[in-house]
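These protein sequence lines are chains A and B, in that order.
Position one of the first sequence corresponds to residue 4 (this note's numbering), numbered consecutively onward.
Position one of the second sequence corresponds to residue 4 (this note's numbering), numbered consecutively onward.
We put the CB at the ideal spot given by N, CA and C, even for glycine.
Structure first, then comments.
Protein chains: 2
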Amino acid sequence: MKQAANKSLRKLANLRRQHKDLINLMPLQTGGILTDAAKEALKEFGDGYSVCDFCLGSLCDITNPPVRDFVHELLPQFLGCEVATITHGAREAKFIVMHSLAQPGNSIIVDGNRHYTTIVAAERAGLNVVEVPHSGYPEFRIDVNDYIPLIEKHNPKLILLTYPDGNYGNLPDATKLGKITQEYGIPYILNGAYAVGRMPIKMSDVGADFIIGSGHKSMASAGPCGVLGMKKKWEEIVLRKAKAYSNKEVELLGCTLRGVPLITLMASFPYVKERVNHWDEQVAKTQWFSGELEKLGFKQLGEKPHRHDLLHFEAPMLYDISKRVRERGYFFYKELKDRGIWGPQPGMTKAFKVSTFAANKEQLVFVVNSFKAILSKYS
Amino acid sequence: MKQAANKSLRKLANLRRQHKDLINLMPLQTGGILTDAAKEALKEFGDGYSVCDFCLGSLCDITNPPVRDFVHELLPQFLGCEVATITHGAREAKFIVMHSLAQPGNSIIVDGNRHYTTIVAAERAGLNVVEVPHSGYPEFRIDVNDYIPLIEKHNPKLILLTYPDGNYGNLPDATKLGKITQEYGIPYILNGAYAVGRMPIKMSDVGADFIIGSGHKSMASAGPCGVLGMKKKWEEIVLRKAKAYSNKEVELLGCTLRGVPLITLMASFPYVKERVNHWDEQVAKTQWFSGELEKLGFKQLGEKPHRHDLLHFEAPMLYDISKRVRERGYFFYKELKDRGIWGPQPGMTKAFKVSTFAANKEQLVFVVNSFKAILSKYS
Numbered sequence: 004m005k006q007a008a009n010k011s012l013r014k015l016a017n018l019r020r021q022h023k024d025l026i027n028l029m030p031l032q033t034g035g036i037l038t039d040a041a042k043e044a045l046k047e048f049g050d051g052y053s054v055c056d057f058c059l060g061s062l063c064d065i066t067n068p069p070v071r072d073f074v075h076e077l078l079p080q081f082l083g084c085e086v087a088t089i090t091h092g093a094r095e096a097k098f099i100v101m102h103s104l105a106q107p108g109n110s111i112i113v114d115g116n117r118h119y120t121t122i123v124a125a126e127r128a129g130l131n132v133v134e135v136p137h138s139g140y141p142e143f144r145i146d147v148n149d150y151i152p153l154i155e156k157h158n159p160k161l162i163l164l165t166y167p168d169g170n171y172g173n174l175p176d177a178t179k180l181g182k183i184t185q186e187y188g189i190p191y192i193l194n195g196a197y198a199v200g201r202m203p204i205k206m207s208d209v210g211a212d213f214i215i216g217s218g219h220k221s222m223a224s225a226g227p228c229g230v231l232g233m234k235k236k237w238e239e240i241v242l243r244k245a246k247a248y249s250n251k252e253v254e255l256l257g258c259t260l261r262g263v264p265l266i267t268l269m270a271s272f273p274y275v276k277e278r279v280n281h282w283d284e285q286v287a288k289t290q291w292f293s294g295e296l297e298k299l300g301f302k303q304l305g306e307k308p309h310r311h312d313l314l315h316f317e318a319p320m321l322y323d324i325s326k327r328v329r330e331r332g333y334f335f336y337k338e339l340k341d342r343g344i345w346g347p348q349p350g351m352t353k354a355f356k357v358s359t360f361a362a363n364k365e366q367l368v369f370v371v372n373s374f375k376a377i378l379s380k381y382s
Numbered sequence: 004m005k006q007a008a009n010k011s012l013r014k015l016a017n018l019r020r021q022h023k024d025l026i027n028l029m030p031l032q033t034g035g036i037l038t039d040a041a042k043e044a045l046k047e048f049g050d051g052y053s054v055c056d057f058c059l060g061s062l063c064d065i066t067n068p069p070v071r072d073f074v075h076e077l078l079p080q081f082l083g084c085e086v087a088t089i090t091h092g093a094r095e096a097k098f099i100v101m102h103s104l105a106q107p108g109n110s111i112i113v114d115g116n117r118h119y120t121t122i123v124a125a126e127r128a129g130l131n132v133v134e135v136p137h138s139g140y141p142e143f144r145i146d147v148n149d150y151i152p153l154i155e156k157h158n159p160k161l162i163l164l165t166y167p168d169g170n171y172g173n174l175p176d177a178t179k180l181g182k183i184t185q186e187y188g189i190p191y192i193l194n195g196a197y198a199v200g201r202m203p204i205k206m207s208d209v210g211a212d213f214i215i216g217s218g219h220k221s222m223a224s225a226g227p228c229g230v231l232g233m234k235k236k237w238e239e240i241v242l243r244k245a246k247a248y249s250n251k252e253v254e255l256l257g258c259t260l261r262g263v264p265l266i267t268l269m270a271s272f273p274y275v276k277e278r279v280n281h282w283d284e285q286v287a288k289t290q291w292f293s294g295e296l297e298k299l300g301f302k303q304l305g306e307k308p309h310r311h312d313l314l315h316f317e318a319p320m321l322y323d324i325s326k327r328v329r330e331r332g333y334f335f336y337k338e339l340k341d342r343g344i345w346g347p348q349p350g351m352t353k354a355f356k357v358s359t360f361a362a363n364k365e366q367l368v369f370v371v372n373s374f375k376a377i378l379s380k381y382s
């Protein structure tokens with residue numbers, strides 16, 4: 004027992020990451036790679052509670068480091084909203100809104116491509132979830148008109164749309180859903196965990212009531228870290244203050260991001276704000292990459308032509324190989340790693356997801372050639 | 004408008020911490036200073052979601068980095084509990100337990116020295132809070148026998164004790180409260196945000212049902228980061244899985260600490276586990292320091308002799324000075340900073356809080372001499 008503990012303790016010495024400095028295609032990670040400025044800030048503010056040196060009682064009002072300007076001025080402009088705050092991540096932001104606006108037993112309507120945490124957050128808040136079905140294989144599209152009959156049937160307290168979803172990278176018509184929800188007067192959450200920080204997106208253009216982003220997924224930040232923007236009219240409800248503490252928000256438990264992820268979010272922000280202007284280049288890269296992989300026999304699922312860097316491919320050839328090699332499904336991961344590439348979930352070969360966001364064109368050419376070489380090595 | 008935004012954006016360049024490398028007496032920070040191993044791990048796993056490279060669906064079961072061994076083996080041993088998990092911090096852990104075990108309208112009983120987040124978490128969960136009064140000025144002691152009549156009157160769903168509290172550093176008789184709560188059969192939360200990682204403390208010795216610690220406050224970790232230990236019997240309730248996702252805990256929204264604070268918690272753990280064995284040296288240092296400050300005319304509040312590094316002093320002499328100098332209350336902060344010392348809240352002079360945890364004896368001698376010099380400079 005004690006020996007086992009000592010062994011476990013020794014494993015904590017010298018923690019190293021195996022996938023450092025590889026070409027990163029991992030959808031969860033490509034938007035969260037730190038800028039050099041964020042790396043510096045990480046070292047500077049690593050110690051616990053060091054962002055709170057000059058706190059006067061409210062995290063979002065700290066002026067040194069300049070949290071106040073960031074949260075109250077820069078973030079609302081960037082998100083196209085009137086009021087913004089910071090959260091531990093997109094899932095926590097969803098729960099905050101659900102817990103504030105709906106009561107246990109109420110219904111909400113979400114898209115069928117929603118992240119699993121939408122369902123878990125709703126369960127935590129005691130809500131019934133009605134899902135708008137997608138179009139099924141191979142495109143899995145969401146038609147936002149399909150919200151209408153469900154709204155009329157279920158009288159939901161909230162509407163949520165995942166934009167894009169994390170499985171196929173589909174971008175449904177968020178703006179049309181804004182018109183629909185406004186017509187019915189139902190608050191509308193746009194979950195932009197894979198949008199905010201990657202592509203241009205403004206809550207005001209969409210006509211949503213809430214916009215949610217993820218620092219570690221798409222804003223070049225360490226985790227856990229997220230942002231939540233809203234219309235002014237929701238501030239008093241969602242960011243209501245504690246009865247006994249007039250500067251502490253109930254749903255934030257006073258403060259959320261009291262640490263280093265916030266500093267990386269802030270340090271990377273000037274870069275992130277600029278990079279969304281180059282989204283058309285990202286989409287062009289994605290479409291080229293998808294075309295090249297289809298030439299090799301992989302089949303891209305989700306919308307075509309694709310409009311987001313997150314790609315999902317069927318790969319029957321890889322699955323066939325995995326059945327006859329010693330490493331089974333892991334052969335693909337190992338072959339890629341040997342070539343300095345990291346991305347598809349280790350062990351998965353029937354289908355895989357990648358993101359072209361962090362790799363440049365030259366690296367993607369190398370990736371395509373590597374895929375080609377792996378296929379011919381085993382053919 | 005645009006110019007203001009540009010100015011705010013420029014402030015985000017080159018974020019630097021003013022209190023780096025000073026002698027740190029700040030109670031929120033002295034237990035959260037990173038080890039060298041944690042600083043290395045911070046750089047290694049800084050990028051968003053890099054702890055999730057080998058995730059198979061459950062954060063606490065990741066084997067590389069060794070989250071599984073840490074959460075399921077090392078933490079329970081360290082906390083003296085059967086089941087442990089990781090949270091965004093102590094406040095989030097409190098809310099998780101309250102939200103799982105109590106219904107809106109239920110009552111809970113807490114100590115009068117509780118942290119403000121205990122009240123805010125209870126409000127978020129819709130609970131009524133009954134407080135056990137402290138003994139008042141100057142010691143502000145909690146007598147745990149005072150829980151008994153309140154238990155009999157209010158039929159609480161939960162009992163909470165803050166051990167020690169963050170205002171006076173008092174250590175009430177947690178073990179006696181364990182006997183009381185067991186007798187009445189009421190679940191008992193020990194909030195050890197300032198204990199776990201500083202001093203030896205085991206949930207099993209105390210007889211509590213839950214133990215809560217804070218990574219950024221007391222476990223040499225970056226924030227936000229916490230730990231929650233419990234008896235096995237509560238696992239199915241507090242860590243219940245989502246109906247649709249059998250490996251995702253509802254109260255954790257699937258995963259909590261999906262980022263770099265977890266890595267610092269793990270990297271520092273071998274050191275933290277060892278340092279609690281030197282608690283008697285810490286207490287000796289504190290008592291010496293308190294005695295020296297009392298000789299200078301400061302009055303220590305809270306229990307005497309003091310048994311925790313968190314100290315609260317009344318300082319009428321500093322307040323008198325602040326009324327006649329240009330910098331007002333900030334003179335004390337500036338004088339200390341000029342001498343390489345950081346700790347008392349800037350602007351406060353009537354009373355101040357410090358912690359002797361991170362400073363060695365030699366540094367504390369320097370601090371005492373500095374206090375002396377500041378007093379005589381203005382006398």
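Q: Could you name the residues of chain B that residue 78/A contacts, counting a contact when the two beta carbons are closer than 8 Å?
A: Here residue 78/A refers to the residue found at position 75 when the first sequence is read from its first residue. Going along chain B, no residue has its Cβ under 8 Å from residue 78/A, so there is no contact; the nearest lies around 10 Å.
Q. How many angstroms separate the CA atom of residue 8/B from the CA atom of residue 201/B?
A. Here residue 8/B refers to the residue found at position 5 of the second sequence. Here residue 201/B refers to the residue found at position 198 of the second sequence. So the two alpha carbons sit approximately 43 Å from each other.
Q: Check each residue of the segment 20-50 of chain A: if its Cβ is closer than 8 Å to any Cβ of chain B, include it; give the result in chain order.
A: Within the segment 20-50 of chain A, the residues whose Cβ lies closer than 8 Å to some Cβ of chain B are 20, 21, 22, 23, 29, 31, 32, 34, 35, 36, 37, 40, 41, 42, 43, 44, 45, 46, 47, 48, 49 and 50, listed in chain order.
**Q.** Within chain B, partners of residue 127/A - CB distance below 8 Å
**A.** Taking the first sequence and counting its residues from 1, the one referred to as residue 127/A is at position 124. Within 8 Å Cβ-Cβ: 102, 253, 254 and 256.
Q. Taking contact to mean at least 3 C-beta pairs separated by less than 8 Å, is the segment 176-187 of chain A in contact with the segment 207-218 of chain A?
A. Yes, the segment 176-187 of chain A touches the segment 207-218 of chain A.
Q | Interface residues of chain B facing residue 447/A [CB-CB closer than 9 Å] | A | This structure cannot speak to residue 447/A, because chain A is shown only from 4 to 382.
Q) Taking 8 Å as the CB-CB cut-off, is residue 219/A touching chain B? A) What you label residue 219/A is simply residue 216 of the first sequence in a count that begins at 1. It does: the Cβ of residue 219/A has a partner Cβ on chain B nearer than 8 Å.
Q: With a cut-off of 8 Å on the beta carbons, I'd call residue 362/A and residue 371/A a contact; round off their distance for me.
A: Locating residue 362/A in the first sequence gives position 359, where the first residue counts as 1. Locating residue 371/A in the first sequence gives position 368, where the first residue counts as 1. So it is not a contact: roughly 11 Å between Cβ atoms.
Q. Counting pairs of Cβ atoms below 8 Å between the segment 259-279 of chain A and the segment 221-229 of chain B, do you hit three or more?
A. In this structure the segment 259-279 of chain A touches the segment 221-229 of chain B; the number of beta carbon pairs closer than 8 Å is three or more.
Q) When the Cα atoms are used, what is the spatial distance from residue 309/A to residue 159/B? A) Reading the first sequence from its first residue, position 306 is the one you call residue 309/A. Reading the second sequence from its first residue, position 156 is the one you call residue 159/B. About 56 Å.
Q.
Please classify residue 251/B as buried or exposed, where buried requires at least 16 other C-beta atoms within 10 Å of its C-beta.
A. Along the second sequence, read from residue 1 onward, the residue named residue 251/B stands at position 248. Classification for residue 251/B: buried.
Q) How would you list, in chain order, the residues of chain A whose beta-carbon sits under 7 Å from the beta-carbon of residue 120/B? A) One-based indexing of the second sequence puts residue 120/B at position 117. Using a Cβ-Cβ cut-off of 7 Å, residue 120/B is close to 256 and 257 of chain A, given in chain order.
Q | Spatial neighbours of residue 60/A in its chain, beta-carbon cut-off 6 Å, leaving aside the 5 residues before and after | A | Against the first sequence, residue 60/A aligns to sequence position 57. So the list reads 250, once near-sequence residues are dropped.
Q.
Taking the straight line between their C-alpha atoms, what separation do you get for residue 198/A and residue 302/B?
A. Stepping through the first sequence from its first residue, residue 198/A is reached at position 195. Stepping through the second sequence from its first residue, residue 302/B is reached at position 299. Answer to the nearest angstrom: the Cα atoms are 55 Å apart.
(Q) At the 8 Å Cβ level, is residue 110/B part of the contact set with chain A, yes or no? (A) Here residue 110/B corresponds to residue number 107 of the second sequence, with the count starting at 1. So no, residue 110/B is outside the interface.
Q: Mind the definition here: the segment 334-348 of chain B touches the segment 9-18 of chain B only if three or more C-beta pairs lie below 8 Å; say whether that holds.
A: No: the two stretches stay apart, fewer than three of their Cβ pairs being nearer than 8 Å.
Q. Are residue 3/A and residue 30/A closer than 8 Å when you measure CB to CB?
A. Only positions 4 to 382 of chain A appear in the structure, and residue 3/A is not among them; the question remains open.
Q. What are the boundary residues of the alpha helix (DSSP H) that residue 405/A is part of?
A. In the structure as shown, chain A starts at 4 and stops at 382, and residue 405/A therefore has no counterpart that could be examined.
Q.
So for residue 142/B, helix, strand or coil by DSSP?
A. Looking up residue 142/B in the second sequence gives position 139. Three-state DSSP puts residue 142/B in coil, outside helix and strand.
Q | Contact set for residue 378/B: own chain, Cβ-Cβ below 7 Å, skip 5 residues either direction | A | Mapped onto the second sequence, residue 378/B falls at position 375. If the five residues before and after residue 378/B are omitted, its C-beta is found closer than 7 Å to the C-beta atoms of 299 and 320, all from its own chain and listed in chain order.
Q | Length of the line joining the Cα atoms of residue 108/B and residue 162/B | A | One-based indexing of the second sequence puts residue 108/B at position 105. One-based indexing of the second sequence puts residue 162/B at position 159. Straight-line Cα distance between these residues: approximately 15 Å.
Q | residue 280/B classed as buried or exposed, judged by whether at least 16 other C-beta atoms fall within 10 angstroms | A | Residue mapping note: residue 280/B aligns to position 277 of the second sequence, counting from 1. Exposed.
Q | Contact under 8 Å by Cβ, residue 22/A with residue 171/A | A | In the first sequence, residue 22/A corresponds to position 19, counting from 1. In the first sequence, residue 171/A corresponds to position 168, counting from 1. It is not a contact, given that the beta carbons lie outside the stated cut-off.
**Q.** Per-residue contacts from residue 391/B into chain A (C-beta, under 7 Å)
**A.** Residue 391/B cannot be examined here, being either before or after the span of chain B that is shown, 4 to 382.
Q) For residue 221/B, is the classification buried or exposed, using 16 other Cβ atoms within 10 angstroms of its Cβ as the cut-off for buried? A) Within the second sequence, residue 221/B is the residue found at index 218, counting from 1. Under this definition residue 221/B is a buried residue.
Q: Could you tell me whether the Cβ of residue 2/B comes closer than 8 Å to any Cβ of chain A?
A: Residue 2/B lies beyond the stretch modelled for chain B, which goes from 4 to 382, so this question has no answer here.
**Q.** For residue 121/B and residue 246/B, the rounded distance between their alpha carbons
**A.** Your numbering for residue 246/B matches position 243 in the second sequence. Your numbering for residue 121/B matches position 118 in the second sequence. So the alpha carbons of these two residues sit roughly 29 Å apart.
Q) Can you find at least 3 beta carbon pairs, one from the segment 70-79 of chain B and one from the segment 95-105 of chain B, that sit closer than 8 Å? A) No, the segment 70-79 of chain B is not in contact with the segment 95-105 of chain B.
**Q.** Beta-bridge partners of residue 216/A, as assigned by DSSP
**A.** Here residue 216/A corresponds to residue number 213 of the first sequence, with the count starting at 1. Under DSSP, the beta-bridge partners assigned to residue 216/A are 230/A.
Q. For the 8 Å Cβ check, are there 3 or more pairs between the segment 144-151 of chain A and the segment 262-280 of chain B?
A. These segments do not touch.
Q) What did DSSP end up calling residue 112/A once you bin it into helix, strand or coil? A) Position 109 of the first sequence, counted from the first residue, corresponds to residue 112/A. Strand at residue 112/A.
Q) Short check: CB of residue 359/B to CB of residue 312/B, under 8 Å? A) Taking the first residue of the second sequence as position 1, residue 359/B is located at position 356. Taking the first residue of the second sequence as position 1, residue 312/B is located at position 309. Yes, the pair counts as a contact, with Cβ atoms nearer than the cut-off.
**Q.** Partners in chain A for residue 137/B, counting only beta-carbon separations shorter than 7 Å
**A.** Numbered from 1 along the second sequence, position 134 holds the residue referred to as residue 137/B. Against chain A, the beta carbon of residue 137/B has no neighbour under 7 Å; the closest one sits roughly 17 Å away.
Q. Contact check, residue 115/A vs residue 133/A under 8 Å by CB: the rounded distance?
A. Taking the first residue of the first sequence as position 1, residue 115/A is located at position 112. Taking the first residue of the first sequence as position 1, residue 133/A is located at position 130. So it is not a contact: roughly 10 Å between Cβ atoms.
Q | Burial state of residue 188/A, where buried means 16 or more other Cβ atoms lie within 10 Å | A | For this step, residue 188/A is matched to residue 185 along the first sequence. That one is exposed.
Q: Can you tell me which of 127/B, 111/B, 167/B and 137/B puts its alpha carbon nearest to the alpha carbon of residue 155/B?
A: What you label residue 155/B is simply residue 152 of the second sequence in a count that begins at 1. Considering only alpha carbons, the answer is 111/B.
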